[in-house]
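Here is the structure we will look at, set down as structure tokens.
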């Protein structure tokens with residue numbers, strides 16, 4: 001398996017989006033994978049507001065439907 005980071009975009013202080021290119025070296029099958037990373041969650045406790053989490057969900061849901 002070969003994995004390459006294609007892009008990384010910080011949308012705001014709360015989340016970022018990464019795109020990866022994956023290639024199966026045995027079959028030469030390729031895929032592009034998008035990772036949504038929510039950053040505004042402490043190791044302990046909960047976020048101070050739900051707004052950033054709801055914005056993240058709304059953005060990631062919209063991006064997922066674009067691919068279908």
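Numbering (full-length UniProt numbering), first residue to last: 1 to 68. Cβ coordinates follow ideal geometry from the N, Cα and C atoms, glycine included. Just so we're clear, the structure is a prediction, and the values are computed from it rather than from any experiment.
Query                                                                                                                       : Result
Can you look up residue 50 in the DSSP assignment and give me helix, strand or coil?                                        : coil
What residue from 20, 27 and 40 has the CA that sits closest to residue 34's CA?                                            : 20
Relative to the alpha-carbon of residue 7, which residue among 36, 55 and 41 has its alpha-carbon at the smallest distance? : 36
Have a look at the DSSP bridge pairing and note the partners of residue 29.                                                 : In DSSP, residue 29 forms no bridge with anything.
Across which residues does DSSP place residue 8 in a beta bridge pair?                                                      : 18
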